[in-house]
Amino acid sequence: MTTSGDTVGSGQTTGRRPRVVIVGSGFGALFAAQRLRKAPVDITVVAKTTHHLFQPLLYQVATGILSPGEIAPATREILRRQENTRVVLGEVTDIDLAARTVTSTVLGRTTVHPYDELIVAAGAGQSYFGNDHFAEFAPGMKSIDDALELRGRIFGAFELAELATDPAEIDRLLTFVVVGAGPTGVEMAGQIAELAHRTLRRDFTRIDTTSARVILLDAASQVLPPFGSLGKKAHKKLNEIGIDVQLGAMVTDVDVDGIVVKDGDGQERRIHAATKIWAAGVQASPLGKLLGEQSGAEVDRAGRIAVRQDLTLPGHPEVHVVGDMISLDKLPGVAQVAIQGGRFAADAIMARIEGRPTAPEFHYHDKGSMATISRFSAVATIGKLRMSGFLAWMMWLVVHLAYIVGFRSRITTVLHWTVSFLGRGRSERVATQQQVYGRLALEELGPNFEVSKTGGTSADSVPVDVSGRQSA
Ligand SMILES: Cc1cc2nc3c(=O)[nH]c(=O)nc-3n(C[C@H](O)[C@H](O)[C@H](O)COP(=O)(O)OP(=O)(O)OC[C@H]3O[C@@H](n4cnc5c(N)ncnc54)[C@H](O)[C@@H]3O)c2cc1C
71 MTTSGDTVGS GQTTGRRPRV VIVGSGFGAL FAAQRLRKAP VDITVVAKTT HHLFQPLLYQ
131 VATGILSPGE IAPATREILR RQENTRVVLG EVTDIDLAAR TVTSTVLGRT TVHPYDELIV
191 AAGAGQSYFG NDHFAEFAPG MKSIDDALEL RGRIFGAFEL AELATDPAEI DRLLTFVVVG
251 AGPTGVEMAG QIAELAHRTL RRDFTRIDTT SARVILLDAA SQVLPPFGSL GKKAHKKLNE
311 IGIDVQLGAM VTDVDVDGIV VKDGDGQERR IHAATKIWAA GVQASPLGKL LGEQSGAEVD
371 RAGRIAVRQD LTLPGHPEVH VVGDMISLDK LPGVAQVAIQ GGRFAADAIM ARIEGRPTAP
431 EFHYHDKGSM ATISRFSAVA TIGKLRMSGF LAWMMWLVVH LAYIVGFRSR ITTVLHWTVS
491 FLGRGRSERV ATQQQVYGRL ALEELGPNFE VSKTGGTSAD SVPVDVSGRQ SA
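Using the numbering used here, read the sequence shown as starting at 71 and increasing by one per residue.
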């Protein structure tokens with residue numbers, strides 16, 4: 071076991087700089103770290119991936135538009151000029167609120183990070199609502215691994231259809247089911263439809279890719295529920311581009327052959343489909359439960375922890391929790407909640423260091439929501455303004471470009487978007503066998519890899535070095 075830094079009390083009493091530990095490298099964590107760039111503190115950013123992931127564009131990696139590097143720059147590179155910050159790879163397996171330490175593990179190497187101030191921004195993973203076995207046949211979309219696996223499955227289905235001779239099997243291979251009609255499901259279904267009907271149209275000899283069926287299904291009665299009346303417009307547009315939207319349809323089983331759904335009338339039916347994609351439901355990081363047990367803060371069914379109005383834990387003003395992990399005033403699980411929460415926590419830390427009072431309440435400024443349906447078509451809400459069509463799509467383009475980290479990534483993203491949206495190409499179609507089967511093969515190694523499908527570590531499932539190595 072290694073220990074970073076000493077373990078004496080707070081910086082204020084010992085004369086050394088306060089130690090700030092930030093868990094995660096997503097939106098909440100990165101924006102908190104950047105806000106503290108000039109603060110007289112020593113920051114340790116601990117995350118289980120080496121990159122900062124721009125999740126809103128994962129579906130474009132899955133459908134061959136963007137490369138992983140464009141949406142997942144190295145955290146170390148982003149923060150390299152920030153002299154008060156150290157970036158450390160490791161999955162946080164324990165947080166001890168009494169001892170003020172965070173324990174992280176990578177390949178059997180355990181590190182304990184003492185803190186004076188802690189920001190936890192570990193986000194959320196996929197939820198299969200208690201049916202984790204669905205994950206084998208219907209991967210979710212939470213990580214680069216997920217997106218690459220889906221890329222392999224989507225493009226692979228067309229390849230296998232080209233080889234198949236049985237018409238029923240060709241139909242099964244050319245049927246794509248996306249579960250969840252929220253923004254992620256809508257964007258994913260839209261892009262698969264565009265692939266089948268436009269991009270791949272002339273690439274195959276025996277199959278007609280335009281005959282592919284893309285089904286978007288949800289137990290809810292509306293597409294894009296948070297968008298209110300715009301949901302109807304999105305539904306109409308989805309139908310226009312050939313997507314079969316099935317609402318009030320609850321998934322009861324998923325297997326290699328397809329998916330079983332129960333309709334509103336209680337009848338069950340099977341959809342034969344080779345490719346199933348899960349875009350429904352999230353479960354907050356298990357670190358929320360861990361923090362709840364120690365602080366007495368409530369944790370809801372989705373694993374989100376009830377923080378105080380200032381985003382700290384009861385009895386622990388030095389512990390800030392932000393982003394997808396929190397339950398506060400029904401705030402949505404979106405990037406801006408995490409970004410603004412991360413900055414708010416950083417400001418509270420700076421205020422305390424400077425002996426100023428901290429702001430008592432976090433106020434979320436809703437900058438609006440948007441979702442693309444297909445090229446040139448999106449829906450957007452900004453305050454009372456409701457937009458759809460090309461204008462909303464242009465806005466979506468500009469906003470997403472602004473939030474992609476790094477000048478180089480912005481340039482190459484614009485190039486890739488030009489190729490895909492103005493032309494009909496996809497520059498990133500590479501998919502390897504390892505990408506398709508890697509996750510499943512790892513899970514065969516034992517329960518410790520169960521975590522990979524929910525994106526977190528459960529209390530009774532501590533990662534070990536399966537290779538037998540004791541260090542990286
Ligand atoms: C496919 C998809 C599309 C989305 N589209 C949109 C959109 O269009 N607009 C929008 O506003 N929001 C969108 N969201 C939601 C948005 O991405 C999240 O709300 C946001 O990422 C939350 O930020 P966060 O910092 O809380 O968590 P995340 O950004 O998820 O970051 C969590 C971080 O914690 C790390 N981590 C997790 N567990 C541990 C651990 N035990 N130890 C160490 N590190 C750990 C992770 O590796 C990651 O770096 C989308 C999400 C997904 C999945």
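All residues carry an ideal CB built from backbone N, CA and C; glycine is no exception.
First through last residue of the beta strand (DSSP E) which encompasses residue i
i      : result
Gln353 : Val352 to Ala354
Val91  : Arg89 to Val93
Ala501 : Element bounds for Ala501: n/a, residue is neither H nor E.
Ile419 : Run containing Ile419: none in the beta strand (DSSP E); it sits in the alpha helix (DSSP H), Ala405 to Ile423.
Met457 : Leu455 to Gly459
Met440 : Ser439 to Ser444
Thr428 : Taken as a continuous stretch (DSSP letters only), Thr428 belongs to no beta strand (DSSP E), as it is neither H nor E.
Ser447 : Ser447 to Ile452
Leu286 : Arg283 to Asp288
Ile347 : Thr345 to Trp348
Ile329 : Gly328 to Lys332
Through-space distance from residue j to residue i, alpha-carbon basis
i      : j      : result
Ile224 : Gly385 : 49 Å
His390 : His203 : 34 Å
Ile329 : Ala343 : 7 Å
Tyr434 : Leu233 : 53 Å
Gly366 : Gln379 : 16 Å
Val182 : Gly351 : 32 Å
Tyr473 : Ala231 : 38 Å
Ala450 : Thr345 : 29 Å
Ile313 : Thr119 : 35 Å
Val521 : Leu512 : Unreliable positioning characterises Val521 in this predicted model, as indicated by a pLDDT of 48, which lies under 50. The coordinate reading is nonetheless provided below. Straight-line Cα distance between these residues: approximately 11 Å.
Ser355 : Met395 : 6 Å
Phe97  : Val331 : 35 Å
Leu163 : Arg151 : One detail in the question is off: residue 163 reads as Thr in this sequence, not Leu. Using only the alpha carbons, I get a separation of about 29 Å.
Pro88  : Val115 : 14 Å
Arg86  : Pro184 : 13 Å
Ile165 : Ile189 : 11 Å
Leu361 : Phe432 : 20 Å
Gln130 : Gln364 : 40 Å
Ala217 : Ala259 : 14 Å
Ser95  : Val326 : 34 Å
Val489 : Glu206 : 33 Å
Ser397 : Leu149 : 29 Å
Gln316 : Leu286 : 6 Å
Glu338 : Val506 : 30 Å
Ala142 : Ala421 : 32 Å
Gly336 : Asp288 : 15 Å
Arg426 : Ile419 : 10 Å
Lys302 : Ile240 : 32 Å
Glu388 : Gly178 : 29 Å
Leu106 : Gly412 : 10 Å
Ser174 : Val93  : 10 Å
Ala266 : Ile423 : 56 Å
Val90  : Ala251 : 39 Å
Pro110 : Arg170 : 20 Å
Asp112 : Thr155 : 6 Å
Leu308 : Leu128 : 20 Å
Thr428 : Leu381 : 11 Å
Leu383 : Val157 : 25 Å
Cβ separation of residue i and residue j, assumed to be a contact under 8 Å, to the nearest whole Å
i      : j      : result
Leu123 : Ser197 : Not confirmed; about 18 Å, so no contact.
Val293 : Ala263 : Contact flag wrong, Cβ pair sits at about 14 Å.
Leu244 : His486 : Contact flag wrong, Cβ pair sits at about 26 Å.
Pro402 : Pro296 : 7 Å
Leu220 : Ala282 : Going by Cβ atoms, the distance from Leu220 to Ala282 rounds to 15 Å, so no, they are not a contact pair.
Ile375 : Gly358 : 4 Å
Ser159 : Val172 : What sits at residue 159 in the sequence shown is Leu, not Ser. Contact doesn't hold; Cβ gap of about 14 Å is too wide.
Thr254 : Ala194 : So it is not a contact: roughly 12 Å between Cβ atoms.
Ala408 : Gly393 : 3 Å
Bounding residues of the alpha helix (DSSP H) (the contiguous stretch that carries residue i)
i      : result
His342 : Premise fails: His342 lies in the beta strand (DSSP E), Glu338 to His342, not in any alpha helix (DSSP H).
Thr483 : Phe477 to Trp487
Leu100 : Phe97 to Arg105
Residue i at chain B interface by Cβ criterion, 8 Å
i      : result
Leu188 : Protein chain content of the structure displayed is limited to a single chain, and chain B is not contained in it.
Unbroken stretches of the beta strand (DSSP E), 3 residues or longer, contained in the segment 115 to 198: Within the segment 115 to 198, the complete beta strand (DSSP E) segments of 3 residues or longer fall at 155 to 159, 161 to 166, 171 to 176, 179 to 184, 187 to 190 and 194 to 196, listed in chain order.
In chain order, each alpha helix (DSSP H) run of at least 4 residues that lies wholly inside the segment 217 to 265: 237 to 243 and 253 to 264
Secondary structure, beta strand (DSSP E): runs of 3+ residues fully inside the segment 365 to 395: 386 to 391
Complete runs of the alpha helix (DSSP H) confined to the segment 293 to 323 [at least 4 residues]: 300 to 310
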